[in-house]
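In our numbering, the protein residues as written are 30 to 106.
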């Protein structure tokens, strides 16, 4: 079994609810995007959606969005 398969299996066994399982996976993806050399140079910031929503004054309710990513060199507004 690969390291990723083992980690995902651990998440499945640790999670009490499907929502908790999803949160574990979201945190894994955010961590990956923040640290993987292929992506570090592409993004200024990667937030879990709930953290981003709170910072920006948006509802924190789960809408199915997992992360908010700010791409280097892009501006909004």
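Positions of the beta carbon are idealized from the N, C-alpha and C atoms, including for glycine.
Bear in mind the structure is a predicted one, so any value in this text is a computation, not a measurement.
{"query": "Whole-angstrom distance between residue 95 and residue 62, CA atom to CA atom", "result": "12 Å"}
{"query": "For residue 97, the residue or residues it bridges with in DSSP", "result": "76"}
{"query": "Cβ-based burial, residue 59 [other Cβ within 10 Å; buried from 16]", "result": "buried"}
{"query": "Beta-carbon spacing of residue 79, residue 99 below 9 Å", "result": "no"}
{"query": "Expected contact under 8 Å - CB spacing of residue 72 and residue 101 to nearest Å", "result": "6 Å"}
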